[in-house]
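Per this note's numbering, the very first residue in the sequence shown carries number 602; after that it's consecutive.
As structure tokens, the structure follows; a few thoughts come after it.
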Amino acid sequence: MNRNETNSSRGLEFVRRAAYYAIVGTSAHRLNTTRDARRARYTDPLCSGLHIREAGVSLSAPAAAFAITMSLAKNNKKASVNHRRSSSNKLSSPRDCKCEGSIMADVNKAGAGLSHLSLSSGENLFDAIRKTNATKCSAKAQEYFNTFDVDSDGYLNDREFDTLLKQLFCNKGQSYTLSKKQTTDIFKLIDENQDGKIDLKEFTECWHHWLKQILDPVTALVVVDVQNDFISGTMAICDCPAGQDGAAVVPCINKLLDTTRFDVVIYSADWHPENHISFIENVKDRKLHHTTKVSSENACKMDTVIFEGPPIVEQKLWPKHCVQGSWGSELHKDLKVVENAVFINKGTNPDIDSYSAFWDNNKLSQTGLINELTSRGITDVYVCGLAYDICVGATTAHSVEHGFRTVLIEDAARGVDVNDMKKTHDKLLRQGAALVNCDSVPGMVSADDRRPDLGYKAALNFAMARKLVKTESSQGGVKEKLSQDKKAAQTKAK
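Right, here's the structure in full:
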């Protein structure tokens, strides 16, 4: 087993243990210990690459699925009327609704004029409840379930679910076209018992955990490395092969910040020590591996060398840039910095580079970004900045790996090499990121524009979380039974 496989299995075990301890009432934070981190060789065991199979597709969403896992686990501790089938499919009283106070007021306000939901009204039934926290309300879940259950048989069949998807995935009154595979895959992910129909229990769970991500998204804007050295300093983007103007991203980002209300804005920055491994000025300070194709004497800017380590490191060489405390490391003076912003420094280890705002390039350690996102319950990550094919691309890819619904804002990014930018674009599309321009972002953040590719990602997160909780619930029951048998045997022996 190689290191990545080891990290993957350990990360899966951590998430499973976290789900188990959520069931028995122990804080997940107590699991995030230095010992766990040291064993897995990265700071947060929760965030390893983790792959399991569900509904014929590969799931890889440990960090984003974790919040759903915790919520599902807590719900499974209670015998809720919302998760029990009744012959009438009706909640017994208003108290069964989990919405209280301001949440219920928002839902009632949003639902004004829609007290009797009807598919024949011509109105989009989801537009009225977006960003109102209606997905926290079990009574609303039942109301929508009954509306889409056209034949009133107590289930949503594939045709009824298809009608739901057409209303759910919509932008300005126009439904997105989903392929047969997309609708089938999403249906299978929601249909927990795989009986070919969705009952009220399954729908209520997906209402609280899948539809929540679509109708009540929690959003973060990650502004990557909009620093002086990348705009007019030692590593100015305009001097790179693509010849793009790095300063052009500043007005785009500022407009986004003025017109769009993100739940958190995060600024990342290269923050290198003087002896950093990426600086061509330091190439002779470390021994090169025998497989490297260029000597330290002949190495040029943008050459790739291999350092002997340990660990062995493949490194592209750059001019000295973004040195800690220097003018070049500062954010551009015209970039708007919002109140209550979060700042993430990366590349602080002299012996390894860090393109991504999440991980170093060898995934041996991570920044605090993942904790900032998960602690806020972020579902959607929007990425922009410099450079498209390096730090922006790496940050976007890792956000997808962590399971966040991830959007790269292309016209708010500039790159180094046109060919590499095209490769990055294609790779991110394959991974499941959405690639958009600034004009699309406000509608997506407000949930007016609900895209099927991001909805599919949300379904993957939900299915993974449910699988983890189910596994741990089963294992927890077995452990409890064994413990009881052991105690009974000890009592009998006495």
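C-beta: ideal position from N, C-alpha, C; glycine also.
Everything numeric in this text was worked out from a predicted model, so none of it was measured.
Check for me: the alpha helix (DSSP H) holding S976 runs from which residue to which? Sequence index remark: in the sequence shown, residue 976 carries index 375 (1-based). S976 -> alpha helix (DSSP H) spans 970-976.
Tell me whether K781 is buried or exposed, calling it buried when 16 or more other Cβ atoms sit within 10 Å of its Cβ. Position 180 of the sequence shown holds residue 781. Residue burial is scored here from C-beta neighbours: K781 has fewer than 16 other C-beta atoms within 10 angstroms and is therefore classed as exposed.
So for W960, helix, strand or coil by DSSP? The count along the sequence shown starts at 1 and reaches residue 960 at position 359. In the three-state scheme derived from DSSP, where H, G and I count as helix and E and B as strand, W960 is classed as strand.
Residues in its own chain within less than 6 Å of V1001 by CB, not counting five upstream and five downstream? Along the sequence shown, one-based indexing puts residue 1001 at 400. So the list reads T1007, Q1032, G1033, A1034, once near-sequence residues are dropped.
Quick one: residues in its chain with C-beta nearer than 6 Å to the C-beta of D871, no 5 flanking neighbours on either side, listed in chain order? Locating residue 871 in the sequence shown gives position 270, where the first residue counts as 1. Residues D826, C923, G948 of the same chain have their beta carbon placed closer than 6 Å to that of D871, with the five preceding and five following residues left out of the count.
For A1089, count neighbouring C-beta atoms within 10 Å of its own C-beta (all shown protein chains included) and say buried if the count is 16 or more, exposed if not. What you label residue 1089 is simply residue 488 of the sequence shown in a count that begins at 1. So A1089 counts as exposed.
What number of angstroms, rounded off, separates the C-alpha of L857 from the C-alpha of D981? One-based indexing of the sequence shown puts residue 857 at position 256. One-based indexing of the sequence shown puts residue 981 at position 380. Counting only the Cα atoms, D981 lies some 15 Å from L857.
Once DSSP output is grouped into helix, strand and coil, what is the label at A1089? Here residue 1089 refers to the residue found at position 488 when the sequence shown is read from its first residue. A1089: helix per DSSP, three-state reduction.
Beta strand (DSSP E) runs contained entirely in the segment 784-829, provided each spans 3 or more residues: Taking only runs of at least 3 residues, the beta strand (DSSP E) segments lying wholly in the segment 784-829 are 820-825.
Are the CB atoms of E973 and Q828 within a distance shorter than 8 Å? Translated into positions along the sequence shown, residue 828 becomes position 227. Translated into positions along the sequence shown, residue 973 becomes position 372. No, these two residues do not count as a Cβ contact at 8 Å.
Figure out for me which residue from N941, Q916, E724, G910 has the closest Cα to the Cα of E904. Mapped onto the sequence shown, residue 904 falls at position 303. The sequence shown places Asp at residue 904, not Glu. For the options N941, Q916, E724, G910, the alpha carbon positioned closest to that of D904 is the one of Q916.
With a Cβ-Cβ cutoff of 8 Å, do I1097 and F762 count as a contact? There is simply no residue 1097 to check, as the chain begins at 602 and stops at 1095 in what is shown.
What does the alpha-carbon distance come out to for the pair R1067 and Y1057? Taking the first residue of the sequence shown as 1, we reach residue 1067 at position 466. Taking the first residue of the sequence shown as 1, we reach residue 1057 at position 456. C-alpha of R1067 to C-alpha of Y1057: approximately 15 Å in a straight line.
So, with DSSP's three-state summary, where would you put L660? Against the sequence shown, residue 660 aligns to sequence position 59. Because the pLDDT of L660 is 36, which lies under 50, any placement of that residue in the model is unreliable, and the number read from its coordinates should be weighed accordingly. In this structure, L660 counts as strand in the three-state DSSP scheme.
Residue closest to A998, alpha-carbon to alpha-carbon, out of Y868, N1020, H1026, I979: Translated into the one-based positions of the sequence shown, residue 998 becomes position 397. Cα-wise, what sits closest to A998 is H1026.
Rounded straight-line distance, which links the Cα of T778 to that of E909: The residue labelled residue 909 in the question sits at position 308 within the sequence shown. The residue labelled residue 778 in the question sits at position 177 within the sequence shown. So the two alpha carbons sit approximately 52 Å from each other.
Reference M836, options D1040, T736, V1017, closest by Cα: For this step, residue 836 is matched to residue 235 along the sequence shown. The shortest C-alpha separation from M836 is found at V1017.
Can you give me the start and stop residues for the alpha helix (DSSP H) that F746 sits inside? The sequence position of residue 746 within the sequence shown is 145, counting from 1. First-last of the alpha helix (DSSP H) with F746: 739-749.
Distance between Y989 and I1097 (C-alpha atoms, nearest Å): Residue 1097 is absent from the model: the chain starts at 602 and stops at 1095.
Compute the distance between the beta-carbons of L769 and R1051, then report whether it is under 8 Å. Sequence index remark: in the sequence shown, residue 769 carries index 168 (1-based). Sequence index remark: in the sequence shown, residue 1051 carries index 450 (1-based). Yes, Cβ-Cβ distance for L769 and R1051 is below 8 Å.
In this structure, what does DSSP give as the bridge partners for N946? Sequence index remark: in the sequence shown, residue 946 carries index 345 (1-based). Its beta-bridge partners are A870.
C-alpha distance - T764 paired with N747, whole-angstrom precision: Counted from its first residue, the sequence shown places residue 764 at position 163. Counted from its first residue, the sequence shown places residue 747 at position 146. The C-alpha of T764 lies about 13 Å from the C-alpha of N747.
Are there 16 or more other CB atoms within 10 angstroms of the CB of F1063, so buried, or fewer, so exposed? As a position in the sequence shown, residue 1063 is number 462, starting the count at 1. F1063 comes out buried.
Any idea if D961 is buried or exposed, counting beta-carbon neighbours within 10 angstroms, 16 or more meaning buried? As a position in the sequence shown, residue 961 is number 360, starting the count at 1. Buried, because 16 or more other Cβ atoms sit within 10 Å of the Cβ of D961.
Thinking C-beta only, is I791 closer than 8 Å to L822? Counted from its first residue, the sequence shown places residue 822 at position 221. Counted from its first residue, the sequence shown places residue 791 at position 190. 8 Å or more divides the Cβ of L822 from the Cβ of I791.
Cutting at 6 Å between CB atoms, please list the residues of its own chain near D952, excluding the five before and the five after it. Within the sequence shown, numbered from 1, the residue matching residue 952 stands at position 351. Cβ within range, chain order: I878.
F749 to K813, Cα distance in whole Å? For the purposes of this step, residue 749 is taken as residue 148 along the sequence shown, with counting starting at 1. For the purposes of this step, residue 813 is taken as residue 212 along the sequence shown, with counting starting at 1. Straight-line Cα distance between these residues: approximately 18 Å.
Less than 8 Å separating the beta-carbons of S742 and W811? Counting from 1 along the sequence shown, the entry for residue 742 is found at position 141. Counting from 1 along the sequence shown, the entry for residue 811 is found at position 210. Correcting the residue type first, residue 742 is Ala in the shown sequence and not Ser. No, Cβ-Cβ distance for A742 and W811 is not below 8 Å.
Am I right that Q845 and R1015 are in contact with their C-beta atoms under 8 Å? What's the rounded C-beta distance? Position 244 of the sequence shown, counting from 1, holds the residue named residue 845. Position 414 of the sequence shown, counting from 1, holds the residue named residue 1015. Their Cβ separation, rounded to whole angstroms, is 4 Å, which keeps Q845 and R1015 in contact under 8 Å.
Buried or exposed, going by whether 16 or more other CB atoms sit within 10 Å of the CB of A662? The count along the sequence shown starts at 1 and reaches residue 662 at position 61. Here A662 scores only 41 on pLDDT, less than 50, and its place in the model should not be relied on; the value that follows carries that caveat. A662 is buried by the Cβ-count criterion.
Apart from the five residues on each side of it in sequence, which residues of its chain come closer than 8 Å, Cβ to Cβ, to I1010? The residue given as residue 1010 occupies position 409 in the sequence shown. Closer than 8 Å at the Cβ level, and outside the excluded window around I1010, lie C853, L857, Y983, V984, C985, V1037, N1038, C1039, V1042.
Alpha-carbon spacing of R696 relative to L718, whole angstroms: Taking the first residue of the sequence shown as 1, we reach residue 696 at position 95. Taking the first residue of the sequence shown as 1, we reach residue 718 at position 117. Reliability fails at R696, whose pLDDT of 38 lies under 50, so the model's placement of it is uncertain and the value that follows must be treated cautiously. Their Cα atoms are separated by approximately 21 Å.
Would Q768 pass as an interface residue toward chain B - the criterion being a Cβ-Cβ separation below 8 Å? Reference to chain B is not applicable here, since this structure consists of a single protein chain.
What is the C-beta distance between V906 and V884, in whole angstroms, given that I count them as a contact (C-beta under 8 Å)? Locating residue 906 in the sequence shown gives position 305, counting from the first residue. Locating residue 884 in the sequence shown gives position 283, counting from the first residue. Sure, about 7 Å apart at Cβ, within 8 Å.
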